[in-house]
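In the working numbering, the protein residues as written are 34 to 555.
This is the structure we're talking about:
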């Protein structure tokens with residue numbers, strides 16, 4: 034079995050049905066070119082992604098014997114998901130209107146578009162129409178009330194341009210911008226995952242994203258879908274090592290919605306990992322001109338295999354590009370299943386750690402610093418305009434009052450405060466268990482092989498949520514930037530988890546709509 038066939042095979046034994054034929058037969062170009070995931074092993078055997086591949090390579094998706102360009106497949110998948118979400122939302126809107134159900138978020142002119150823009154969309158509308166207030170609203174006790182300063186300006190300003198150019202009202206224009214940005218996010222998600230895993234994993238990760246329980250957020254007048262587009266584009270830039278491209282995208286993300294601080298932190302992680310790899314490359318060569326390059330393991334995800342006696346032993350690679358040679362303990366790595374040796378030529382360089390050039394150091398450092406400043410800039414702007422030094426922080430805390438009362442903000446405590454408020458010591462233990470589970474998940478081999486960019490950003494984004502976010506109804510939509518993790522082999526190679534995630538997401542969408550539109554906050 035060739036590497037491409039091995040990488041793209043599925044493990045289900047019965048014939049697929051429904052969406053599964055499309056999702057199961059994703060391949061690379063007609064030549065069946067697949068990019069092996071890189072194999073750099075540190076002392077602990079942690080493997081990160083290789084050098085960036087040619088992200089311009091043609092990708093196709095096969096369906097019923099025909100090949101389709103990858104973007105046609107992704108857009109078809111996205112269109113199907115939007116049709117499903119629209120059906121759920123429109124049905125619920127018509128039933129609620131006919132039955133005179135009281136909406137949790139009242140509108141003076143209830144239409145389907147205002148229904149699609151419930152709750153916080155009203156703040157985006159105020160920003161688009163009148164801008165930000167210079168005087169913060171307060172209650173009789175002097176506490177600051179919820180106000181537009183909690184929402185960042187890029188989305189409402191784009192919608193404002195659309196309304197001026199077309200004459201549309203805010204809500205239809207907001208739905209249009211959000212839906213279009215959602216399509217861009219789906220395309221970018223597929224492309225970045227395909228660059229680190231395979232088209233098989235990429236199409237499934239995109240499907241999980243488009244059909245998730247809260248995927249209706251991709252077509253509501255919220256900033257989420259635009260933020261997803263910027264985040265995934267920044268991730269793609271990191272994978273392609275176009276760090277200067279990440280800079281403007283990261284700045285846009287920083288002024289779209291909170292959470293963009295994960296981008297500079299991810300860049301820092303990437304810089305540290307690449308610097309360590311570069312230093313290993315600079316170590317003295319072993320006797321006979323051979324370089325120690327990797328740890329042997331059984332059945333690694335690249336299709337490379339090692340002889341049974343060499344598991345856990347290091348390979349030595351000759352200077353002329355010979356295949357793995359016996360090391361000092363007499364063990365050796367065998368060639369892979371198609372007879373390709375692990376050499377130093379251009380065809381196998383992706384297996385090796387690479388040097389970190391000065392230009393990349395400058396780009397990573399500059400981009401990280403600028404995006405970090407941008408991520409911290411909104412509180413400074415709010416303070417300058419309102420004259421209240423902690424205007425942004427107090428505005429954000431005003432949303433916490435209904436859940437935990439008036440509290441002071443201390444980083445890394447919100448989850449524990451929330452859990453202790455409702456569950457006491459048991460809640461604190463539950464949060465600790467969840468955090469331990471997240472650490473375990475991110476160190477799984479099936480996740481690590483997605484590359485330092487995806488794992489680094491996911492870790493940084495989770496750290497951000499844990500540090501500053503109070504968990505409540507919006508938690509699930511805030512987890513959607515972690516969609517690249519959906520390409521983990523444990524989720525995409527087996528029929529049971531695929532079906533559970535895909536069809537479970539579809540089934541939970543109407544439940545989430547009822548809860549968020551008629552009971553709580555979306």
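Note that CB positions come from ideal geometry on N, CA and C, so glycine has one too.
Bear in mind that the values here come from a model prediction, so they are computed numbers and not experimental data.
In this model, residue 292 and residue 239 are separated by some 21 Å (Cα to Cα).
A contact is defined here as three or more CB-CB pairs under 8 Å, and the region 482–495 fails this definition with respect to the region 528–542. According to the DSSP assignment, residue 312 belongs to the alpha helix (DSSP H) that extends over 295–314.
With a contact defined as Cβ atoms closer than 8 Å, residue 160 and residue 186 qualify at about 6 Å.
Beta-bridge annotation (DSSP): residue 177 is paired with 171. By the Cβ-count criterion, residue 233 is buried, with 16 or more other Cβ atoms from all chains shown falling within 10 Å of its own Cβ. Pairing residue 170 with residue 99, the inter-Cα distance amounts to about 60 Å. The residue from 184, 222, 190, 211 with its alpha-carbon nearest to that of residue 415 is 184. With fewer than 16 other CB atoms across the displayed protein chains lying within 10 angstroms of its CB, residue 172 is exposed. If you draw a 10 Å sphere on the C-beta of residue 404, you find 16 or more other C-beta atoms in it, and that means buried. Residue 289 counts as buried, since no fewer than 16 other beta carbons sit within 10 angstroms of its beta carbon. The shortest CA-to-CA distance from residue 143 to any of 158, 153, 126 is the one to 126. Restricted to the region 401–427, the alpha helix (DSSP H) segments that are unbroken, complete and at least 4 residues in length are 410–419, listed in chain order. Per DSSP, residue 445 lies in no alpha helix (DSSP H) segment and is marked neither H nor E. Distance between residue 457 and residue 180, taken at the CA atoms: about 31 Å. Closest option to residue 283, judged by alpha-carbon separation, among 178, 117, 402, 157: 402. Contact check for residue 500 against residue 445 passes: the beta carbons are separated by less than 8 Å. Under the three-state reduction of DSSP output, residue 275 falls in the coil class, being neither helix nor strand. Residue 521 and residue 463 have their C-alpha atoms roughly 25 Å apart.
For the 8 Å CB-CB criterion, residue 489 and residue 303 form a contact. DSSP places residue 388 outside any alpha helix (DSSP H), giving it a letter other than H or E.
In the structure shown, the three-state DSSP call for residue 395 is helix.
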